[in-house]
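Those sequence lines, one after another, are chains A and B. Just so it is clear: in the first sequence, position 15 is 15 by our numbering, and no numbers are missing. Each position in the second sequence, counted from 1, maps to that position plus 208 in our numbering. Idealized CB from N, CA, C, for every residue including glycine. Note that the coordinates shown come from a computational prediction; the quantities given were computed from them, not determined experimentally. The block underneath contains the structure these notes are about, expressed in structure tokens.
Number of protein chains: 2
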Amino acid sequence: MCSNNIVDNNYSNTEIKIKDAAKSLFLKKGYSATTTRDIARESDINLAMLNYYFRSKRRLFEIIMFETLYEFLSKMVEVYNDEKTSLEQKLKLCSEKYIDMIIAEPLLPTFVLNELKNNPTSFLKMPTTKMIMKSNFVAQYQEGIKKGIYRKVDPIHFVTNVLSVIVFPFMCSPIIMKIENLSKKDFNIMMTERKKLIPAWIIQMIKK
Amino acid sequence: MCSNNIVDNNYSNTEIKIKDAAKSLFLKKGYSATTTRDIARESDINLAMLNYYFRSKRRLFEIIMFETLYEFLSKMVEVYNDEKTSLEQKLKLCSEKYIDMIIAEPLLPTFVLNELKNNPTSFLKMPTTKMIMKSNFVAQYQEGIKKGIYRKVDPIHFVTNVLSVIVFPFMCSPIIMKIENLSKKDFNIMMTERKKLIPAWIIQMIKK
DNA sequence: TTTTTTATTAATCATTTGTTTAGTTCATAT
DNA sequence: ATATGAACTAAACAAATGATTAATAAAAAA
Numbered sequence: 001m002c003s004n005n006i007v008d009n010n011y012s013n014t015e016i017k018i019k020d021a022a023k024s025l026f027l028k029k030g031y032s033a034t035t036t037r038d039i040a041r042e043s044d045i046n047l048a049m050l051n052y053y054f055r056s057k058r059r060l061f062e063i064i065m066f067e068t069l070y071e072f073l074s075k076m077v078e079v080y081n082d083e084k085t086s087l088e089q090k091l092k093l094c095s096e097k098y099i100d101m102i103i104a105e106p107l108l109p110t111f112v113l114n115e116l117k118n119n120p121t122s123f124l125k126m127p128t129t130k131m132i133m134k135s136n137f138v139a140q141y142q143e144g145i146k147k148g149i150y151r152k153v154d155p156i157h158f159v160t161n162v163l164s165v166i167v168f169p170f171m172c173s174p175i176i177m178k179i180e181n182l183s184k185k186d187f188n189i190m191m192t193e194r195k196k197l198i199p200a201w202i203i204q205m206i207k208k
Numbered sequence: 209m210c211s212n213n214i215v216d217n218n219y220s221n222t223e224i225k226i227k228d229a230a231k232s233l234f235l236k237k238g239y240s241a242t243t244t245r246d247i248a249r250e251s252d253i254n255l256a257m258l259n260y261y262f263r264s265k266r267r268l269f270e271i272i273m274f275e276t277l278y279e280f281l282s283k284m285v286e287v288y289n290d291e292k293t294s295l296e297q298k299l300k301l302c303s304e305k306y307i308d309m310i311i312a313e314p315l316l317p318t319f320v321l322n323e324l325k326n327n328p329t330s331f332l333k334m335p336t337t338k339m340i341m342k343s344n345f346v347a348q349y350q351e352g353i354k355k356g357i358y359r360k361v362d363p364i365h366f367v368t369n370v371l372s373v374i375v376f377p378f379m380c381s382p383i384i385m386k387i388e389n390l391s392k393k394d395f396n397i398m399m400t401e402r403k404k405l406i407p408a409w410i411i412q413m414i415k416k
């Protein structure tokens, strides 16, 4: 929820109510499986209000998609481009940050990757997308290679691996929970464990 | 395509044509975004044939889902339970096998994980699901821990990491291709590179 | 051949779904 | 107080969609 203040102030207007409900439903069920009547019911507004404020279901989706992606990518770039922190510190920071982020919104990775598959262009529009590979994070990695402390491997593999071990487990959470007989709480504890483990693993992976 | 023989033999009957088209479309667009008319058009059969052979769209989907999952899991267990190979050999084998498998059907991981999120029960029914954690692969890992050559970490993290670095990059392929300006061919070359890199990375990760 | 079963087709049904319309309420400005 | 525009509602429309039906063709059994 976006507007869970004690005072039911005017920010909780129809437009926001629609967006909140729509985001929740799109994340849970995807674009096609979510109907405009679902959204109207969930946000407790009249069906026509959706088109009144957002013109169409597609446009509402694109607005939510853009905002969600933007927020997500912004948080990523923040850590990667901090000039003050070392590579090891960045690993620790981004591991912690992403895992907290996804615990707070567990459906986000699957949603983003899934809807991206159908419409890869929406990602291109985001300014921050290509920045990752030109970030301080990657520069530090390449420096380590030059110094001879890291193995010489294309940085794309490095970045991919970091994101893989952080994000993928969340996408498998239904499987992991079933196999290991974990509750959602247990699963989150497991992911919290990984905050410390992942930086160590990555360092071991890249070191000579 | 399943039935692309030179001779248009009788195996290529209506039922198979429907299943082939439906699988292709479900993988590409998901359940909700695929209409029965899409399937009828793609398989070049009369719309009513879908219900004649499969009773409903949902049932057709469930049959395809089951078969796809079964095939996928069978291939996994095969490698994990080979008593003759060492852990390092298994890492190499499964890395190669999965990457080849997903290159052949790149939409499979996203499809499986996505539809699983909506219906986790279908996975429970699969007999091979829980077998992974009791496989020879995991046993060898735990043995390595006992011997003191591997760090003491819960096997679920080990298995998760292996699958993460293999599967996740495929799910990000649209992003990776965009960021790195890769064609689909280039991307597959990158993934083929990883066949050799992944076993080495994993060994480094788990070693003391 | 005749009969019976199976496979296929075109047309149709009943809902669902995204969107629009015409009318109403409400707040604000004149 | 009145007028004006924004916010909202109930109803309806048109297209899409999953499913069925009744009739026909093809194949198999008698």
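Please list the partners that residue i has in chain A, where partner means a Cβ-to-Cβ separation under 7 Å.
i	result
residue 377/B	160, 164
Within its chain, find whatever has a CB closer than 8 Å to the CB of residue i; leave out the 5 residues flanking it on each side and keep chain order.
i	result
residue 322/B	238
residue 340/B	284, 285, 288, 346, 367
residue 363/B	341, 346, 349, 350
residue 207/A	149, 150, 151
residue 1/A	Any reading at residue 1/A must be qualified, since the residue scores a pLDDT of 29, below 50, and its modelled position is unreliable; the value itself is stated next. Cβ neighbours of residue 1/A beyond the five flanking positions: 20.
Could you list which residues in chain B have their beta carbon closer than 8 Å to that of residue i, in chain order?
i	result
residue 204/A	412, 413, 415
residue 129/A	383, 386, 387
Listing by chain order, which chain B residues have their CB less than 7 Å from the CB of residue i?
i	result
residue 32/A	238, 240, 241
residue 101/A	Ordered by position in chain B, no residue passes the 7 Å Cβ test against residue 101/A, which lies about 17 Å from the chain.
residue 114/A	318, 322
Does DSSP put residue i in a helix, a strand or coil?
i	result
residue 178/A	helix
residue 23/A	helix
residue 18/A	helix
residue 152/A	coil
residue 134/A	helix
residue 207/A	strand
residue 183/A	coil
residue 127/A	coil
residue 404/B	helix
residue 396/B	helix
residue 243/B	coil
residue 221/B	coil
residue 201/A	helix
residue 147/A	helix
residue 213/B	Interpretation of residue 213/B is limited by its pLDDT of 31, a score under 50 that renders its predicted location unreliable; the figure taken from the coordinates is listed afterwards. Correct three-state label for residue 213/B: coil.
Can you pull the chain A residues whose beta carbon is under 9 Å from the beta carbon of residue i, in chain order?
i	result
residue 345/B	Residues of chain A passing the Cβ test: none, with the nearest at roughly 14 Å.
residue 380/B	113, 116, 160, 163, 164, 167
Please list, in chain order, the chain A residues whose beta carbon lies closer than 8 Å to that of residue i.
i	result
residue 402/B	157
residue 361/B	197
residue 341/B	179, 180
residue 331/B	174, 175, 178
Leaving out five residues on either side along the sequence, give the residues of the same chain with a beta carbon under 6 Å from the beta carbon of residue i.
i	result
residue 99/A	191, 195
residue 215/B	Here the model assigns residue 215/B a pLDDT of 34, short of 50, so the residue's position is not dependable and the matter cannot be decided.
residue 27/A	107, 111
Among residues of its own chain, excluding the 5 on either side of residue i, which ones have a beta-carbon nearer than 7 Å to its beta-carbon?
i	result
residue 36/A	47, 50, 57
residue 395/B	381, 384, 385
residue 217/B	Residue confidence is low: residue 217/B scores 36 on pLDDT, short of 50, so the model does not pin down where it sits. Its coordinate-derived value is still stated next. Excluding positions up to five away in sequence, the list is empty.
Worksheet entry | Meets three-Cβ-pair contact criterion under 8 Å: the region 272 to 284 of chain B and the region 225 to 234 of chain B | Counting C-beta pairs with one atom in each stretch, the region 272 to 284 of chain B and the region 225 to 234 of chain B have three or more that are closer than 8 Å, which means they touch.
Worksheet item: Can you list, in chain order, the stretches of the alpha helix (DSSP H) that have 4 or more residues and sit fully within the region 42 to 123 of chain A?
Response: If we require 4 residues or more, the alpha helix (DSSP H) runs fully inside the region 42 to 123 of chain A come out as 47 to 54, 57 to 80, 87 to 104, 108 to 118.
Practice prompt. Answer yes if the region 92 to 104 of chain A comes into contact with the region 187 to 203 of chain A, meaning at least three C-beta pairs across the two stretches below 8 Å, and no otherwise.
Written response: Yes, since at least three Cβ pairs between the region 187 to 203 of chain A and the region 92 to 104 of chain A fall closer than 8 Å, the two stretches touch.
Worksheet item: Between the region 68 to 85 of chain A and the region 134 to 143 of chain A, are three or more C-beta pairs nearer than 8 Å?
Response: Touching, yes.
Worksheet item: Taking three-plus beta-carbon pairs below 8 Å as touching, is the region 167 to 177 of chain A in contact with the region 314 to 331 of chain B?
Response: With the cut-off at 8 Å, the region 167 to 177 of chain A and the region 314 to 331 of chain B touch.
Worksheet item: Are three or more beta carbon pairs between the region 70 to 79 of chain A and the region 126 to 138 of chain A nearer than 8 Å?
Response: Touching, yes, given that three or more Cβ pairs across the two stretches are closer than 8 Å.
Worksheet item: Per the contact definition of three or more C-beta pairs closer than 8 Å, is the region 307 to 321 of chain B in contact with the region 351 to 371 of chain B?
Response: Taking 8 Å as the limit for Cβ pairs, the verdict is that the region 307 to 321 of chain B does not touch the region 351 to 371 of chain B.
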